[in-house]
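First comes the structure, then the notes that go with it.
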Amino acid sequence: MRGWTVLLGAAFVTGAVFAQDKPAEKPQPTEAQKQAIAQIKKLGGLVLELAQNDPRLDVAFHLADVKITDAELALVKPLTQTAHLNLRGTEITDAGLAHLAELKGLVRLHLEKTKITDAGLEHLRGLENLEYLNLYGTAVSDAGLKHLEGLKKLKKLYLWQTQVTDAGVAALKQALPELQITRGLELAKPAEPDKKPEEKKE
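In mature numbering (1 follows the signal peptide of the UniProt record, and there is no 0), the protein residues as written are -19 to -1, 1 to 183.
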């Protein structure tokens, strides 16, 4: 009898181990999410999973076949699993960024070369998981940076060709000491030409 007990116990433990090793089932997209993904792809956008074992989404509009405005950006609203979003060079405005409010898992956001201003950055205040933000070539100024001070996970911020000043950068760095801010290419100073040696006087 003891032998059967040992075998049953071993089988139970083995089954428990296999149950723990079994990967969690991938969440299935809702009908609204399926429709949104189909529409984005129809526009020429891209929607990809980050990895085989990571169902979060990488959504890109910057290579779309048509102009992307606030109306098209609204398609991302149901895609709450979006982690990366690329809106580079699109026609979105400050008002359109309100569509991102529910993307709480957003980690990377490209807004370079868009019409975004300080007012638009206010819509990003709730994106608490944001780590990367590119604002290159926008009309953002020091006032807009104040909306980013609560984004404690923000690690990289690109501000080349914006209205931001040294004072604005300093204030944001005080709020987010670990933040790496890039303001553009700093050209190295040309090396001074070698001086002609003076002739010795006889």
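C-beta: ideal position from N, C-alpha, C; glycine also.
Just so you know, these numbers come straight off a predicted model, no measurement behind them.
Strictly by DSSP, which residues pair up with residue 43?
DSSP output for residue 43 lists no bridge partner at all.
Residue 38 and residue 62 - do their beta-carbons sit closer together than 8 Å?
With respect to residue 38, residue 62 sits close: the two C-beta atoms are nearer than 8 Å.
Between residue 8 and residue 36, what straight-line distance do the alpha-carbon atoms span, to the nearest angstrom?
Rounded to the nearest whole angstrom, the CA to CA distance from residue 8 to residue 36 is 8 Å.
Comparing C-alpha positions only, which one of 28, 74 and 78 sits nearest to residue 64?
Taking each of 28, 74 and 78 in turn and checking the Cα distance to residue 64, the smallest one comes out for 28.
Using a 10 Å radius around the Cβ and a threshold of 16 neighbouring Cβ atoms, would you call residue 34 buried or exposed?
Exposed, by the Cβ-count rule.
For residue 117, the nearest candidate out of 78, 81, 93 and 47 (CA to CA):
With distances taken between Cα atoms, residue 117 lies closest to 93.
Measuring only the C-alpha atoms, how far is residue 148 from residue 15?
Looking at the two C-alpha atoms, the distance is approximately 45 Å.
From which residue to which residue does the beta strand (DSSP E) around residue 138 run?
Taken as a continuous stretch (DSSP letters only), the beta strand (DSSP E) holding residue 138 covers 137 to 139.
Taking buried to mean at least 16 other C-beta atoms within 10 Å of its own C-beta, is residue 44 buried or exposed?
Classification of residue 44: exposed, given that the 10 Å Cβ count is below 16.
Report the residue from 11, 110, 126 and 54 whose alpha carbon sits nearest the alpha carbon of residue 22.
Closest option to residue 22, judged by alpha-carbon separation, among 11, 110, 126 and 54: 54.
Relative to the alpha-carbon of residue 59, which residue among 95, 76, 162 and 11 has its alpha-carbon at the smallest distance?
Checked all of 95, 76, 162 and 11; the closest Cα to residue 59 is 11.
Grouping DSSP H, G and I as helix and E and B as strand, with all else coil, what is residue 162?
Of the three classes helix, strand and coil, the one that applies to residue 162 here is strand, per DSSP.
Straight-line Cα distance separating residue 99 from residue 124:
Each residue's alpha carbon lies about 6 Å from the other.
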